[in-house]
Amino acid sequence: MKSIIGTVISNKMKNTVTITVGRVKVHPLYKKRITLKKKFHAHDELGAKIGDRVKITETRPLSKTVHFKVSEIIKK
6 MKSIIGTVIS
16 NKMKNTVTIT
26 VGRVKVHPLY
36 KKRITLKKKF
46 HAHDELGAKI
56 GDRVKITETR
66 PLSKTVHFKV
76 SEIIKK
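Numbering (this note's numbering), first residue to last: 6 to 81.
Structural data, given as structure tokens:
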């Protein structure tokens, strides 16, 4: 199973949080560091708040956009 660590940016949906995951990549020509961000929707039963660092794991599709589940809250 795939595990990803990210930051909660929205918890307005019922039992679902939006998480952003950032990674740093170096531009091949200009050698400048670029931050690439991707958003994921995850099912949340632990009650994560905005700004929390969470670990999400891949599950079966729970809805059209939700394919992950919050497995633990790393930092509040």
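Note that beta-carbon positions come from the ideal geometry of N, C-alpha and C, so glycine has one too.
- [ ] Assign residue 46 to one of two classes, buried (16 or more other C-beta atoms within 10 Å of its C-beta) or exposed (fewer than that).
- [x] In the sequence shown, counting from the first residue as 1, residue 46 sits at position 41. Counting Cβ neighbours within 10 Å, residue 46 comes out buried, since at least 16 surround it.
Task: Buried versus exposed call for residue 10 [16 or more other C-beta atoms within 10 Å across all chains shown] - done: As a first step, residue 10 must be located in the sequence shown, where it is residue number 5. When all chains shown are included, residue 10 counts as exposed.
TODO: Inspect the beta-carbon positions of residue 81 and residue 54 and report whether they are closer than 9 Å.
DONE: Mapped onto the sequence shown, residue 81 falls at position 76. Mapped onto the sequence shown, residue 54 falls at position 49. Yes, the pair counts as a contact, with Cβ atoms nearer than the cut-off.
- [ ] Pick helix, strand or coil for residue 58, following the three-state DSSP scheme.
- [x] Indexing the sequence shown from 1 puts residue 58 at position 53. Of the three classes helix, strand and coil, the one that applies to residue 58 here is strand, per DSSP.
- [ ] Report the three-state DSSP secondary structure of residue 8 (helix, strand or coil).
- [x] Within the sequence shown, residue 8 is the residue found at index 3, counting from 1. Note: residue 8 maps to strand in three-state DSSP.
TODO: Taking residue 50 as part of the beta strand (DSSP E), name the residues at either end of that continuous run.
DONE: Position 45 of the sequence shown, counting from 1, holds the residue named residue 50. It is not in any beta strand (DSSP E) - residue 50 carries neither H nor E in the DSSP assignment.
- [ ] Using the Cα positions of residue 37 and residue 43, report the straight-line distance between them to the nearest angstrom.
- [x] Locating residue 37 in the sequence shown gives position 32, counting from the first residue. Locating residue 43 in the sequence shown gives position 38, counting from the first residue. The alpha-carbon atoms of residue 37 and residue 43 are separated by roughly 19 Å.
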